[in-house]
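To start, the structure under review is shown below, and the notes come after it.
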Amino acid sequence: MTPLLEARGLSRSFGGLRAVAGLDLTVALGEMLGLIGPNGAGKTTVFNLLSGFLAPDGGDVRFNGRSIVGLPPHAICRLGLARTFQITRPFARMTVLENVRVGALARHPQTPEALGRAREVVERVGLGARAGVAATALTIAERKRLELARALATEPALLLLDEVMAGLNPTEVEAIIRLIRDVHASGIAVVLIEHNMRAVMTLSHRIVALSFGEKIAEGAPADVANHPKVIEAYLGDEYVRAAPA
Amino acid sequence: MDLTLVLQGLVSGLLFGGVYSLMAVGLTLIFGVMRVVNFAHGDMMVWGMYLAYVLAARAGVDPYLSFVVCAGALFVLGLIVQRGLVDRIIAAPHEMQILLMLGVALVLENVALMAFGPEPTRVRSALGGAALWLGPVFVDVARLVTFAVAVALTIGLSLFLDRTDAGRMIRAVADNTYGALVIGADARRVYAVAFGVGAACVGAAGALVSPILPFQPSTGLSLSVTSFNIVIIGGMGSLTGAFIGGLLVSVAESLGAVFLKPSLKELMSFSLLILILLVRPAGLFGRRAL
Amino acid sequence: MKWLLVVALAALLALPAVLSSYALTIFILIFFYGFLGQAWNIVGGYAGQLSAGHAAFVGVGGYTATMLATSAGLTPWLGMFVGAALAGLLGAIIGYLGFRFGLRGFYFVLLTVAFAEICRVAVSNIDALGGPLGLYITFTGDPRQFQFQDARVYYYIALALMLVATLVAWAIGRRRFGIYLAAIREDETAAEASGVNAFKYKMLAMVVSSFLTGLGGTFYAFYLFSLQPGSLFGIPLSVEIIIRPIVGGAGTLAGPILGSFILTPLAEVSRLYLGGGGLHGAHLIAYGVLLIAVVLFLPEGAYPRLRRALQRSRRP
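Residue numbers (the working numbering), protein chains in the order written: chain A, 1 to 245; chain B, 1 to 290; chain C, 1 to 316.
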């Protein structure tokens, strides 16, 4: 069974700094994958490489069996791979609905249809009451939802969510976890970059841990959480020795 | 090809380059500190020239002395422009900054047009006409003095930025604004000083070049373009780059005049700009993308 | 709202019957600059790509049509489209270089200025194109040569041009093309991530804009009967082109038109009272001050501000 997304030997350096080194990553259809690692581990770089915003120095990325290296971001989006940004990038002078409509236009070139689709998506993410509000007037939690909605409107098969919970209070986190579950339940595969460990553990089927651009662990959430290398990466090696066997 | 002619072009170009360097250094300082592109740079320089002209015609002061006054006057103008205008839109999208400086350029150029008329002028200097032979090459004393003063000013500026507290504060803000704020820098004041100093550079450059180059209000645009050329070649925000770039571009222009029609000089200048815009090193793009 | 437009249009159509010849000229200029502004608006306002060299397209259009008329006897009615096509080609070249090489903001502005200036200097130095003194068109009053005895014909042509450009902008605005341009203007990276092929749409906007502007070149040439490289390719014309939409509201349909109705009479008045001899630059100073004022106090332009004020007054 061909995986939905398959990255092999993915590498990228910036000057002398190796941001991502020889990464192998697969995502199966409908899977929910967590991508964790300390700051600077290269997680967002991986997203940039997968979505076409950065070109890899080496390695290949296959989406639905087809190589997407070198394709521009809009083409990759149209193939069904959508992403959100760590720091949200709304279209400032548009309303929530208009923002999402841009995404919907990718699949529905006629403006009225796109608007209809956008309305559905806006309702689904819970921004229905704020549909006519300008993007600049939204709270952080709402902006994250908007970012998600816009990506969702492009009808992706795979959604890359970059720290969608950052800056949210516990209630908002709970709400967005439910939303992500809902999105996932409709058959969309999700890769989640998160620092909120509890959220990642509960949501993900599988977790990949990165440190300094390399994969240091992969597997079921509980296994990865207790992996000595992962503990070392986050907390330092003293904690590895202290960890229960 | 007559080698002496080429050599002549080289030397004239090099000497004139001191002024270009000073001009470019001013622009780079403004951009490096505030990320604002001063579209009015060339027009400010033209005002330096006209100021020197007025001082020479009305007060009989030689431009090689009055450049100090011109620098001071343009410093004040820079302060006013920055505090009164640029400061208010420092957080606005870049298009707004561009339009603002375009507006300033329009005002400066056309006030000059109204005040002084469209005809080209030159300033008379006591050094005008005197020349030396340096080996096979014929050198204007005026050009030599211009070069010397311009280089001295550039070195002075570099020392200011390197050795004085104010200078270091400017460099800190240019390098890392948030970091500088943390250590107590008054960013707005630094911006104002930086803009003022940048304007002072072209004030001095304008005065220094006024005996050598005939100028008119419309010269502003071509000087602005040349400044951008130099700064983009040298690397936006790099003072050494601006300095060396100024010399390089001046030599290129000078040699170009040796081989081509003078009216095509502008053509060369603009074509060079396009080439550089397309080919510029990746580092610049990375910076600008922020 | 629709009724207002119909009434306004009817008024504009009927106006020549009551206007003095001087007032007629002012309206012709209002429409003409409104047309150029609206054409620019497509790439400068909707797409947010600031071009400060649009005069180049006017020049290419005007010179092409004039040369074809004088040396090949081609009627300007056709020459107009050849000129516009060449202007569109130049727009495609500038767009390709700018967008392929990722030039944004300040760099793109510089690119457009550089191209316009290169055209100006090049044409100034080509004697076959009239050199620095330019070209002159002999007045024959022959409609087949795009010349009319009656100034009112120019009025209607200019009005038609402005309406055509506005129609094009309107059509673009309501379709995906226009929405994509707005997305690109707001945040090109986010647009790309949402499936927008930024390069393609920016190019399209540039070509449409430059083509339309090129049409204006023919009107310019055959209305003024003379072309100089300085006036047709130079910065002053580029400034005239962009200032009306910016003051009126870039990216809105009414902006360029409103801007032209505000600024053109102002420019004429200042030319009248302050013009003559060396004071020729006075209205440009006013433009400079206006640009500064708009950026500081009215960055979206007059029309959006007006619309909000009207909306507020309508609410109980």
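Heads up, the beta-carbon is just placed ideally off N, CA and C, and yes, glycines get one too.
Exposure label - Arg244/C; buried when at least 16 CB within 10 Å | For the purposes of this step, residue 244/C is taken as the residue at position 244 of the third sequence. Buried.
On a CA-only basis, which of Leu74/C, Gly53/C, Arg307/C and Leu135/C is nearest Leu36/C? Give me that one, please.
-> As a position in the third sequence, residue 36/C is number 36, starting the count at 1. Checking every option, the nearest Cα to that of Leu36/C belongs to Gly53/C.
Helix, strand or coil: which one does DSSP assign to Gly278/C?
-> Taking the third sequence and counting its residues from 1, the one referred to as residue 278/C is at position 278. Here the model assigns Gly278/C a pLDDT of 49, short of 50, so the residue's position is not dependable, and the following value carries that caveat. If DSSP states are grouped into helix, strand and coil, Gly278/C belongs with the helices.
Helix, strand or coil for Phe335/C, going by three-state DSSP, please let me know.
-> An answer regarding residue 335/C cannot be provided, because it is not within the stretch 1 to 316 covered by chain C.
Would you mind sorting Asp162/A into buried or exposed? The rule is 16 or more other CB atoms within 10 Å of its CB.
-> Taking the first residue of the first sequence as position 1, residue 162/A is located at position 162. By the 10 Å Cβ count, Asp162/A comes out buried.
Could you give the DSSP three-state label for Gly59/A: helix, strand or coil?
-> The sequence position of residue 59/A within the first sequence is 59, counting from 1. DSSP places Gly59/A in strand when its eight states are reduced to three.
Where Phe84/C and Gly131/C are concerned, what is the direct C-alpha to C-alpha distance, given to the nearest angstrom?
-> Counting from one through the third sequence, the residue named residue 84/C turns up at place 84. Counting from one through the third sequence, the residue named residue 131/C turns up at place 131. For the sequence presented, residue 84/C should be read as Ala rather than Phe. Distance between the alpha carbons of Ala84/C and Gly131/C: 22 Å.
How is the beta strand (DSSP E) around Val60/C delimited, first residue to last?
-> Position 60 of the third sequence, counting from 1, holds the residue named residue 60/C. No beta strand (DSSP E) contains Val60/C, which is instead part of the alpha helix (DSSP H) from Ala55 to Ala72.
Any chance the region 218-228 of chain B sits against the region 29-49 of chain B, with 3 or more Cβ pairs inside 8 Å?
-> yes
From the DSSP output, read off the bridge partner residues of Leu246/A.
-> The structure shown does not extend to residue 246/A, since chain A is modelled only from 1 through 245, so no value can be given for it.
Listing by chain order, which chain B residues have their CB less than 8 Å from the CB of Leu50/C?
-> Within the third sequence, the letter at position 50 stands for residue 50/C. In chain order: Glu95, Ile98 and Leu99.
Sequence ranges, alpha helix (DSSP H) only - wholly within the region 129-181 of chain C, length at least 4 | Those alpha helix (DSSP H) runs which fall completely within the region 129-181 of chain C and span 4+ residues are 151-174.
For Phe47/A, return the contacting residues in chain C, with the cut-off set at a CB-CB distance below 9 Å.
-> Along the first sequence, read from residue 1 onward, the residue named residue 47/A stands at position 47. Chain C residues near Phe47/A: none, gap ~10 Å exceeds 9 Å.
Grab the span of the alpha helix (DSSP H) containing Phe138/B for me, first residue to last.
-> In the second sequence, residue 138/B corresponds to position 138, counting from 1. Where Phe138/B is concerned, there is no enclosing alpha helix (DSSP H), although the beta strand (DSSP E) it sits in stretches over Val137 to Asp140.
Contact the region 211-218 of chain C vs the region 89-96 of chain A: 3+ CB pairs below 8 Å = no
From this set, Val279/B, Ser271/B and Val11/B, which residue's C-alpha is nearest Trp294/B's C-alpha?
-> Coverage of chain B is limited to positions 1 through 290, which leaves residue 294/B absent and any answer about it impossible.
What's the call for Leu275/B, buried or exposed, on a 16-neighbour Cβ count within 10 Å?
-> Position 275 of the second sequence, counted from the start, is the residue given in the question as residue 275/B. Residue environment: Leu275/B is assigned as exposed (fewer than 16 neighbouring CB atoms within 10 Å of its CB, all protein chains considered).
Would the beta-carbon of Gly103/A fall within 7 Å of that of Ser21/C?
-> As a position in the first sequence, residue 103/A is number 103, starting the count at 1. As a position in the third sequence, residue 21/C is number 21, starting the count at 1. No.
The region 212-227 of chain A touching the region 172-188 of chain A, judged by at least three CB pairs closer than 8 Å | no
For Asp57/A, which residues of its own chain have a beta-carbon under 8 Å away from its beta-carbon, when the five flanking residues on both sides are left out?
-> Taking the first sequence and counting its residues from 1, the one referred to as residue 57/A is at position 57. The beta carbon of Asp57/A sits closer than 8 Å to the beta carbons of Ser11, Arg12 and Ser13 from its chain, once the five residues preceding and following it are set aside; these are given in chain order.
Tell whether a beta-carbon distance below 7 Å holds between Pro63/B and Ser210/B.
-> The sequence position of residue 63/B within the second sequence is 63, counting from 1. The sequence position of residue 210/B within the second sequence is 210, counting from 1. Going by C-beta atoms, Pro63/B is nearer than 7 Å to Ser210/B.
Chain-ordered residues of the region 161-185 of chain C with a beta carbon less than 8 Å from chain A = Arg174, Arg175, Arg176, Ile179, Tyr180, Ala182 and Ala183
Contact list for the region 91-104 of chain A against chain C, Cβ threshold 8 Å | Under the 8 Å Cβ criterion, the region 91-104 of chain A contributes Phe91, Ala92, Arg93, Met94, Glu98, Arg101, Val102 and Gly103.
Between Leu48/A and Thr154/B, what straight-line distance do the alpha-carbon atoms span, to the nearest angstrom?
-> Sequence index remark: in the first sequence, residue 48/A carries index 48 (1-based). Sequence index remark: in the second sequence, residue 154/B carries index 154 (1-based). In the sequence under discussion, the amino acid at residue 48/A is Asn, which differs from the Leu named in the question. Distance between the alpha carbons of Asn48/A and Thr154/B: 43 Å.
Gly112/A: buried (16+ other C-beta within 10 angstroms of its C-beta) or exposed?
-> Start at 1 with the first residue of the first sequence, and residue 112/A comes out as number 112. The sequence shown places Pro at residue 112/A, rather than the Gly named in the question. Exposed is the call here.
Selected residue, minimal CA-CA separation from Gly80/A, among Thr44/A, Ser51/A, Leu23/A and Arg145/A | As a working mapping, residue 80/A is identified with position 80 in the first sequence. Closest by alpha carbon: Ser51/A.
Should Asn197/C be flagged as near chain A, meaning a C-beta pair shorter than 7 Å?
-> Numbered from 1 along the third sequence, position 197 holds the residue referred to as residue 197/C. With 7 Å as the cut-off, Asn197/C counts as an interface residue toward chain A.
What is the residue span of the beta strand (DSSP E) that Phe14/A lies within?
-> Position 14 of the first sequence, counted from the start, is the residue given in the question as residue 14/A. Unbroken beta strand (DSSP E) run through Phe14/A: Leu5 to Phe14.
By the criterion of Cβ-Cβ separation under 9 Å, what are the contact partners of Ile118/C in chain B?
-> For the purposes of this step, residue 118/C is identified with residue 118 of the third sequence, where counting begins at 1. Simply Glu266, Leu267, Phe270, Ser271 and Ile274.
Where DSSP assigns a beta bridge to Ser211/A, which residues make up the other side?
-> Position 211 of the first sequence, counting from 1, holds the residue named residue 211/A. For Ser211/A, which the question treats as bridged, DSSP gives the partners Glu214/A.
Does Met34/B get closer than 7 Å to chain C when you measure Cβ to Cβ?
-> Counted from its first residue, the second sequence places residue 34/B at position 34. Taking Cβ atoms only, chain C never reaches closer than 7 Å to Met34/B, which makes this a no.
From Leu13/C, Ala72/C and Gly34/C, pick the residue whose C-alpha is nearest to that of Gln145/C; which is it?
-> Indexing the third sequence from 1 puts residue 145/C at position 145. Minimum Cα distance to Gln145/C is reached at Ala72/C.
What runs of the alpha helix (DSSP H), each 4 residues or longer, lie entirely inside the region 126-173 of chain A?
-> 140-152
Contacts of Ala106/A in chain C (Cβ-Cβ under 9 Å) | In the first sequence, residue 106/A corresponds to position 106, counting from 1. Correct list: Ser194, Gly195 and Val196.
Could you say if the region 184-191 of chain B and the region 42-61 of chain B meet the contact criterion of at least three C-beta pairs nearer than 8 Å?
-> The region 184-191 of chain B, when compared against the region 42-61 of chain B, does not touch it at the 8 Å Cβ threshold.
If you measure from the CB of Thr121/B, is any heavy atom of the ligand SAM nearer than 6 Å?
-> As presented, the structure is devoid of all ligands, the ligand SAM included, so that no description of it is given.
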